[in-house]
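Peer 1: My questions will all concern the structure given below.
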Amino acid sequence: MSPLRSLSVLLALALSVAGARAAPIQTDPAAVKVFLDTAGPVCQYQPAASCIDSGWHFTDRDGDGRIDAAELRGRYRDLVAWYGETESSLDANSQAMLALGLWMTSIVGIDDIVTSYDADGDGKLTQAEALADVTLDDRPLGSLLLDPDAVDREAFANRLGAAAPFMKGLLGTEPSGD
Ligand SMILES: [Ca+2]
Ligand SMILES: [Ca+2]
7 MSPLRSLSVL LALALSVAGA RAAPIQTDPA AVKVFLDTAG PVCQYQPAAS
57 CIDSGWHFTD RDGDGRIDAA ELRGRYRDLV AWYGETESSL DANSQAMLAL
107 GLWMTSIVGI DDIVTSYDAD GDGKLTQAEA LADVTLDDRP LGSLLLDPDA
157 VDREAFANRL GAAAPFMKGL LGTEPSGD
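Reading the sequence shown from the start, the letters are residues 7 to 184 in the numbering used here.
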């Protein structure tokens, strides 16, 4: 067998092994729908902590109370799959907000998001770590997040790495100058 032919056989073998190992990514868009139907009213009317608890419970698949990058990535994929199925039936505002959120997440990267909030460096986020830039009160999450006094927008934007200048423009925060 010529070296070139040996190489191409090896390459074909490597690709077929890689293909066999790369199982199709399983997503669960239906779980997102169930979650949104349940959490929607909670997030709309109840204090922010209740909404966050719902989202936390939904994302914390192994139930250890902490969220790691794999859990976040799993739910991110579920959300993308759900968005793909549902986009056309959403109102323009929801479409824009979701598309922006998914796009920002993909730019910053799940691993970098977890790292930037993981204060004790154990690779998992507690709620306290994840909410480092937010001060909760009795208002629903939506109104809370729009209040500059409840969210440290500068700190939040600075976590976004390459996307920070864009996010600062969007949030109207001043450049930090450092
Ligand atoms: Ca967990
Ligand atoms: Ca941690």
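Glycine is no exception: its CB is placed at the ideal position from the N, C-alpha and C atoms.
Counting C-beta neighbours from all protein chains within 10 Å, is the total for I116 16 or more, i.e. buried, or is it exposed?
Peer 2: The residue in question, I116, is buried, as its Cβ has 16 or more Cβ neighbours within 10 Å.
Peer 1: Please write down, chain order preserved, every residue whose beta carbon lies under 6 Å from a heavy atom of ligand 1.
Peer 2: In chain order, the qualifying residues are D66, D68, D70, R72, I73, D74 and E77.
Peer 1: Can you grab the Cα-Cα spacing for the pair R67 / E77, in whole Å?
Peer 2: Their backbone Cα atoms lie some 6 Å apart in a straight line.
Peer 1: By Cβ distance below 7 Å, which residues in the same chain neighbour G129 in space, the five residues on each side in sequence not counted?
Peer 2: D74.
Peer 1: Quick one: grab the DSSP three-state call for L166.
Peer 2: If DSSP states are grouped into helix, strand and coil, L166 belongs with coil.
Peer 1: For D155, I'd like the list of residues in its chain whose CB is within less than 7 Å of its CB, leaving aside the five on either flank, ordered along the chain.
Peer 2: Cβ within range, chain order: n/a, list empty.
Peer 1: Would the beta-carbon of Q52 fall within 8 Å of that of P146?
Peer 2: Yes, the pair counts as a contact, with Cβ atoms nearer than the cut-off.
Peer 1: Thinking C-beta only, is R83 closer than 8 Å to T33?
Peer 2: Contact: yes.
Peer 1: Under 8 Å by Cβ, that's how I've got L108 and L131 pegged, so tell me the actual separation to the nearest angstrom.
Peer 2: Not a contact, Cβ separation roughly 19 Å.
Peer 1: What's the call for S60, buried or exposed, on a 16-neighbour Cβ count within 10 Å?
Peer 2: That one is buried.
Peer 1: In terms of DSSP beta bridges, what is D74 paired with?
Peer 2: According to DSSP, D74 bridges with K130.
Peer 1: Quick check on the burial criterion: 16 or more other C-beta atoms within 10 angstroms. Buried or exposed for A134?
Peer 2: Label assigned to A134: exposed.
Peer 1: Less than 8 Å separating the beta-carbons of R81 and T92?
Peer 2: Contact flag unset, no.
Peer 1: Looking at ligand 2, does it come within less than 7 Å of A138, judged from the CB to the closest heavy atom?
Peer 2: Not under cutoff, so the answer is no.
Peer 1: On the DSSP bridge assignment, give the partners of V140 in chain order.
Peer 2: V157.
Peer 1: Nearest to D79 by alpha carbon, out of T111, K39 and A125?
Peer 2: This sequence places Arg at residue 79; Asp is not what is there. The shortest Cα separation from R79 among T111, K39 and A125 belongs to T111.
Peer 1: So, is A105 buried or exposed, given that buried needs 16 or more other C-beta atoms within 10 angstroms?
Peer 2: By the neighbour-count rule (16 or more Cβ atoms within 10 Å), A105 is not buried but exposed.
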